[in-house]
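Take a look at the structure below.
In full-length UniProt numbering, the protein residues as written are 1 to 211.
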């Protein structure tokens, strides 16, 4: 998509976001494509962060459908946007407000994933892959924001991981057991690495109940 087409597509997306139309999975996929094109044409600086915030706001604007495809699709995009925000923040020259920007971003992560996790609990069983994918994304972001992550979120992720592991261990037949166990292992690894990084920078981790 050339720059002129990107600008036109962005205009269309912004007009759609300004309505009260509830986006379906196909709409979100088109939106993701547009914002991905914007990121590909942006400099690796604060402009990327601005695009990511706009992308997140567009995905999270009301009304939102608590549909399985919508939640599954949007969580991947929301994760990627936060991932990019974290990468750019960490690579840019440190300013006096760096810690505050990181804390503000993490608060937004929590708000986003509180919603996504609430939807996941309603839509899927503890061992289902779509639900575990959200847990994986959340744990990856906890790792990327280890300088500002909070104990409550770590404990929530740990509890959800243990619940899924228990169900898998006590069920006779569960579809996609191998993939589910892989995701649980990923979450566990991310939690341990988050704790290690937090301790390395001197963050208080006494409430983190992980080995």
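Note that the Cβ used here is the ideal one computed from N, Cα and C, for glycine as well.
By the neighbour-count criterion, in which a residue is buried when 16 or more other Cβ atoms sit within 10 angstroms of its Cβ, residue 32 is buried. Scanning its chain for C-beta atoms nearer than 6 Å, with the 5 sequence neighbours on each side dropped, one finds no residue around residue 87.
Under the criterion of beta carbons closer than 8 Å, residue 147 and residue 78 do not qualify as touching, at roughly 20 Å. Residue 160 is not a Cβ neighbour of residue 143, given a cutoff of 7 Å. Taking C-alpha positions only, residue 6 is separated from residue 38 by approximately 7 Å. Taking the C-beta atoms as reference points, residue 109 is found no nearer than 7 Å to residue 80. By the neighbour-count criterion, in which 16 or more other beta carbons inside 10 Å mark a residue as buried, residue 100 falls on the exposed side. By the Cβ criterion, the stretch 107–127 is in contact with the stretch 162–174, since at least three pairs of Cβ atoms, one from each stretch, lie closer than 8 Å. In this structure, 140 is the residue among 52, 106 and 140 with its C-alpha nearest to the C-alpha of residue 190. Nearest Cα to residue 150 within the set 20, 23, 11 and 106: 106. Within its own chain, the residues whose Cβ lies closer than 8 Å to the Cβ of residue 56, once the five positions on either side in sequence are excluded, are 78, 81, 82, 108 and 112, listed in chain order. In the pairwise beta carbon analysis, the stretch 174–186 is classified as not touching the stretch 114–124: fewer than three pairs are separated by under 8 Å.
Boundaries of the alpha helix (DSSP H) around residue 186: 177–200. In the three-state DSSP reduction, residue 41 falls in the coil class, being neither helix nor strand.
Following the DSSP letters along the chain, one finds residue 148 in no alpha helix (DSSP H), marked with neither H nor E. A Cβ-Cβ separation of about 22 Å leaves residue 183 out of contact with residue 152 under the 8 Å criterion. Residue 61 and residue 8 have their C-alpha atoms roughly 21 Å apart. Straight-line spacing of the CA atoms in residue 84 and residue 171 works out to 38 Å. The continuous stretches of alpha helix (DSSP H) do not include residue 64, and DSSP gives it neither H nor E.
Closest in C-alpha terms to residue 192, from the list 17, 154, 35 and 203, comes 154.
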